[in-house]
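A quick write-up on the structure given underneath.
Number of protein chains: 2
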Amino acid sequence: MEPVNQFELSKEFLDRFGEAIEANDDQFVKESLQGVNPADISALLHEFDEQESKYVLGLIDVETGAEIINGLDGDTRIQFLKEFDISEISTYINYLDSDDAADIVNGLPIKIRERVIDSLENEEKAANVLDLLRYDEDCAGGLMAKELIKANAKWTIGKTIEEIRRQAEDVQKVYAIYVVDDRDKLLGRVSLKRIVLAEDHVKVSAIYDQDVVSVETYQDEVEVASLMSKYDLEALPVINLQGKLVGRITIDDIVDVITEMAEQERQLMAGISEDVEEDDSVWMLTRARLPWLVIGMIGGLLGALFMETFENNINFTLTFFIPLIMATGGNVGIQSSTLVVQGLANKTAFSQTTAKRLWKVFWVAILNGVLLAAMVLLGVQFLLGNEFKLALVVSIALLSVVLLASFMGTATPLILDKFGINPALASGPFITTANDLLGLAVYFGVAHLLYSI
Amino acid sequence: MEPVNQFELSKEFLDRFGEAIEANDDQFVKESLQGVNPADISALLHEFDEQESKYVLGLIDVETGAEIINGLDGDTRIQFLKEFDISEISTYINYLDSDDAADIVNGLPIKIRERVIDSLENEEKAANVLDLLRYDEDCAGGLMAKELIKANAKWTIGKTIEEIRRQAEDVQKVYAIYVVDDRDKLLGRVSLKRIVLAEDHVKVSAIYDQDVVSVETYQDEVEVASLMSKYDLEALPVINLQGKLVGRITIDDIVDVITEMAEQERQLMAGISEDVEEDDSVWMLTRARLPWLVIGMIGGLLGALFMETFENNINFTLTFFIPLIMATGGNVGIQSSTLVVQGLANKTAFSQTTAKRLWKVFWVAILNGVLLAAMVLLGVQFLLGNEFKLALVVSIALLSVVLLASFMGTATPLILDKFGINPALASGPFITTANDLLGLAVYFGVAHLLYSI
Numbered sequence: 001m002e003p004v005n006q007f008e009l010s011k012e013f014l015d016r017f018g019e020a021i022e023a024n025d026d027q028f029v030k031e032s033l034q035g036v037n038p039a040d041i042s043a044l045l046h047e048f049d050e051q052e053s054k055y056v057l058g059l060i061d062v063e064t065g066a067e068i069i070n071g072l073d074g075d076t077r078i079q080f081l082k083e084f085d086i087s088e089i090s091t092y093i094n095y096l097d098s099d100d101a102a103d104i105v106n107g108l109p110i111k112i113r114e115r116v117i118d119s120l121e122n123e124e125k126a127a128n129v130l131d132l133l134r135y136d137e138d139c140a141g142g143l144m145a146k147e148l149i150k151a152n153a154k155w156t157i158g159k160t161i162e163e164i165r166r167q168a169e170d171v172q173k174v175y176a177i178y179v180v181d182d183r184d185k186l187l188g189r190v191s192l193k194r195i196v197l198a199e200d201h202v203k204v205s206a207i208y209d210q211d212v213v214s215v216e217t218y219q220d221e222v223e224v225a226s227l228m229s230k231y232d233l234e235a236l237p238v239i240n241l242q243g244k245l246v247g248r249i250t251i252d253d254i255v256d257v258i259t260e261m262a263e264q265e266r267q268l269m270a271g272i273s274e275d276v277e278e279d280d281s282v283w284m285l286t287r288a289r290l291p292w293l294v295i296g297m298i299g300g301l302l303g304a305l306f307m308e309t310f311e312n313n314i315n316f317t318l319t320f321f322i323p324l325i326m327a328t329g330g331n332v333g334i335q336s337s338t339l340v341v342q343g344l345a346n347k348t349a350f351s352q353t354t355a356k357r358l359w360k361v362f363w364v365a366i367l368n369g370v371l372l373a374a375m376v377l378l379g380v381q382f383l384l385g386n387e388f389k390l391a392l393v394v395s396i397a398l399l400s401v402v403l404l405a406s407f408m409g410t411a412t413p414l415i416l417d418k419f420g421i422n423p424a425l426a427s428g429p430f431i432t433t434a435n436d437l438l439g440l441a442v443y444f445g446v447a448h449l450l451y452s453i
Numbered sequence: 001m002e003p004v005n006q007f008e009l010s011k012e013f014l015d016r017f018g019e020a021i022e023a024n025d026d027q028f029v030k031e032s033l034q035g036v037n038p039a040d041i042s043a044l045l046h047e048f049d050e051q052e053s054k055y056v057l058g059l060i061d062v063e064t065g066a067e068i069i070n071g072l073d074g075d076t077r078i079q080f081l082k083e084f085d086i087s088e089i090s091t092y093i094n095y096l097d098s099d100d101a102a103d104i105v106n107g108l109p110i111k112i113r114e115r116v117i118d119s120l121e122n123e124e125k126a127a128n129v130l131d132l133l134r135y136d137e138d139c140a141g142g143l144m145a146k147e148l149i150k151a152n153a154k155w156t157i158g159k160t161i162e163e164i165r166r167q168a169e170d171v172q173k174v175y176a177i178y179v180v181d182d183r184d185k186l187l188g189r190v191s192l193k194r195i196v197l198a199e200d201h202v203k204v205s206a207i208y209d210q211d212v213v214s215v216e217t218y219q220d221e222v223e224v225a226s227l228m229s230k231y232d233l234e235a236l237p238v239i240n241l242q243g244k245l246v247g248r249i250t251i252d253d254i255v256d257v258i259t260e261m262a263e264q265e266r267q268l269m270a271g272i273s274e275d276v277e278e279d280d281s282v283w284m285l286t287r288a289r290l291p292w293l294v295i296g297m298i299g300g301l302l303g304a305l306f307m308e309t310f311e312n313n314i315n316f317t318l319t320f321f322i323p324l325i326m327a328t329g330g331n332v333g334i335q336s337s338t339l340v341v342q343g344l345a346n347k348t349a350f351s352q353t354t355a356k357r358l359w360k361v362f363w364v365a366i367l368n369g370v371l372l373a374a375m376v377l378l379g380v381q382f383l384l385g386n387e388f389k390l391a392l393v394v395s396i397a398l399l400s401v402v403l404l405a406s407f408m409g410t411a412t413p414l415i416l417d418k419f420g421i422n423p424a425l426a427s428g429p430f431i432t433t434a435n436d437l438l439g440l441a442v443y444f445g446v447a448h449l450l451y452s453i
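For the protein sequence lines, the chains are A and B, in the order given. The opening position of the first sequence corresponds to residue 1 in my numbering, with each subsequent residue numbered one higher. The opening position of the second sequence corresponds to residue 1 in my numbering, with each subsequent residue numbered one higher.
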């Protein structure tokens, strides 16, 4: 009837499901999960503890169970698998693609990793998982699965279809058949559609596409993600240094990489030092937030010390505008660094040269700064009455702070990027604190200069 | 030889290519673009003006040319197409999938849209494009392509393969065959792999998968993106209100949606009011940045006014700690709102209740606040000597500001989200400015209270 098979979870269902677990009501649990997508069951299990989840999983067939385990969050899964013995874990892993299997094995305590792999029934899978464990998680080798379908260029289509039948059993999603030579060197690709459309006696070499984009095992996941999104690829073959086909990366993994990258950048910008989520413990959240707050605090204390040295030189009224100066400097700085970070993320073939960039930033800053300074000049006059000299000092200081913050906001991410550090850090609290202090210094510097004229 | 077909652009090549264009050196241009991926040619053309690009495109076959035009940035493409007359545009569009064609037609001046569609050679394509123009760009209908392969559940595999041969010509990438009834109602899907593996005489109804996730035309792109990434789908069928299959969304479009969402959020956080990039004009960049800076400035002036009213009540030394109070409030606020925004983005089946969320935030704030306040108590004593009362005032004010900023940072995105506004706005300058003022008020309020005891 209803083709849309999305599982709708309600508070009522959750309560009822919890009761069923407590009462060991096998029938209710089984029936209510009938035909539900494993990804939805994973989400459901996050609401229950390890023993409860294990009970539910015991009522589901092993293949679906494997997908459910695969769909659990990293931390939840690690906790959950502690409830299982080695043979149980390997039974589930047997049903997963090598890349997912390797991810799960990677989360296990080092002591039992090898024992889990040893007890895998499928020897080829065991060898594949062992092989994948060698790679860093954030490079192409760490993202790829060993399962793929390949055809020798010399084969006919008939023979290839036979081979596909044989190989396809292990491969969940066939996007393309990779074409290799006798030594497994990647030559190109041919789509399943083209094979379906071709005559049986035609040779693969006659119809395959030589223009195939591939990556090498050591390439970074960010590079892989940008390649796949640039060329609109749903799968990407991975080759080793000898050009041999060793694996395949699929787009679903890249979607995860892109989402993680955005999350990481967001946390860097907000000054959260560990990868935490809202549902982590109070202690973990505090630990992730405190370091940056302490840096900001030290900056604030240094600011106080700095103002103390000016104590006898500054007009009390000047301090009224500290919030204005600091806020504007902060806003300009974060706007500038965000544009640079965005530019670096969407690197086109030729990015602008640093000099050209700074030149343009300079003009934008002049324009913004002069307009803001003019408004402040009028605003101060209007708010505090006839205090022209004060208004002039604040305006000129504001213009200087806008220029400085623009320059710092542009240069810092560029410099960080040059050193291979994520440029989003430039919008984080460390640099912001440094900017605050600089802004304060400029403000009082300008005031001191102008009042002494 | 080299299976990695990535086009490497160098400054030298760019100069040489530019010279060739100027000299009308057809041969060099043709040869150097031989076998290059259209996406790379699009990137290359961004370095040249419209006339130059048109000259290059004239030397390339129309099918590749269509892909190159499709790969251009929105703004660049609109400028570029001004160089073409209606029949030229429709010749290129003829080669594109209906969704890409509709996107391009959408960017044309209204006057010529219909004329372009009328002059499309392929009448089915014309009807499809016209149909797609009805949908909003950011809903499922606006993302889908009309090209897909469908099979009636009653057909045999043999007949289906024949039909695939017929239909596949129009479809660039076949992920799955959608199964429908006589009235085109979506029943399920069957993978191409399964069809290749099945015997010719088997009926589609015997092997298709009923568990298919689909969306309706009006569903929002964000919803579509989260469904596809949750269920690891590479294509998603779109149905209308009657359950009829009307189109298909592919993962490459969703990758773009996810990337755009991240960019939008980043700009909201940084207070950039228009969608600008580093290479936009100085004037556009200024216009995008100024509104938020003015809001910040007005906040700053209000802060000055506020302090003026306290003028006779506050100790001069108190002003030393304005930077500390403001910076800490800002940092705590942005950390809190970022965690909430992240939590809202990764909505699990049951999100935490608002009360539970605020309760936890309260404890994290207490912990962070007390630790910071203690450090400040010692820090002020150490820096400014024996000023215990001042140190106490600053510490207590700091703790209050941390609590307030945590609460505001958590509540604001939740409230924005309730009203259907992007919660990332909460980290932007408007809310930040409001927080600054509140922080200032709390600081002087606490100081006033404690000094008058």
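Built from N, CA and C at the ideal position, the CB exists for glycine as well.
Of the residues the options, which one's Cα is nearest the Cα of residue i?
i	options	result
ALA234(A)	VAL62(A), ILE249(A) and THR156(A)	Per the sequence shown, residue 234(A) should be read as Glu rather than Ala. Per the Cα distances, ILE249(A).
THR317(B)	LEU324(A), ARG266(A), MET326(A) and GLY303(A)	GLY303(A)
ARG77(A)	ASP256(A), LEU344(A), ASN106(A) and PHE362(A)	ASN106(A)
GLU67(B)	ASP200(B), LEU96(B), LEU437(B) and MET307(B)	LEU96(B)
PHE362(A)	SER281(B), LEU301(B) and GLU162(B)	SER281(B)
GLY158(A)	ALA198(A), LEU301(A) and ALA447(A)	ALA198(A)
VAL224(B)	ASP253(B), ASP209(B) and LYS244(B)	ASP253(B)
VAL179(A)	HIS201(A), ALA206(A) and GLU311(A)	ALA206(A)
Of all the CB atoms in chain B, is at least one closer than 8 Å to the CB of residue i?
i	result
ILE157(A)	no
THR319(A)	yes
GLN205(A)	Before going further, note that residue 205(A) is Ser rather than Gln in the sequence given. It does not: the Cβ of SER205(A) has no partner Cβ on chain B nearer than 8 Å.
ALA391(A)	no
ILE249(A)	no
LEU16(A)	The amino acid occupying residue 16(A) in the given sequence is Arg; Leu does not appear at that position. Not one chain B Cβ lies under 8 Å of ARG16(A).
PHE444(A)	no
ALA262(A)	yes
Would residue i count as contacting chain A if we go by Cβ distances under 8 Å?
i	result
ARG266(B)	yes
ILE117(B)	no
MET297(B)	yes
VAL370(B)	no
PRO429(B)	yes
LEU285(B)	yes
In whole angstroms, what is the alpha-carbon distance linking residue i and residue j?
i	j	result
ASP182(A)	ASN152(A)	7 Å
GLY299(A)	ALA434(A)	7 Å
ASP25(A)	PHE419(A)	59 Å
VAL401(A)	LEU414(A)	20 Å
ILE295(B)	PHE306(B)	16 Å
PRO109(B)	GLU50(B)	17 Å
LYS11(B)	SER226(A)	21 Å
PHE382(B)	SER395(B)	14 Å
Could you check whether residue j and residue i sit closer than 8 Å to each other, using their CB atoms as the reference points?
i	j	result
ASN122(B)	SER98(B)	no
SER427(B)	MET269(B)	yes
ALA140(B)	VAL215(B)	yes
TYR92(B)	VAL56(B)	no
SER53(A)	PHE84(A)	no
ALA397(B)	VAL442(B)	yes
Going along chain A in order, which residues have a C-beta closer than 8 Å to the C-beta of residue i?
i	result
MET375(B)	VAL294 and MET297
Identify the contact partners of residue i in chain B, using a Cβ-Cβ distance below 8 Å as the criterion.
i	result
SER229(A)	ASP252, VAL255, ASP256 and THR259
LEU440(A)	PRO323
VAL224(A)	Result: empty, since nearest Cβ-Cβ is about 12 Å, beyond 8 Å.
GLU277(A)	LEU339, GLN342, GLY343 and ASN346
Would you mind telling me which residues of chain A sit closer than 7 Å to residue i, beta carbon to beta carbon, in chain order?
i	result
LEU305(B)	LEU383
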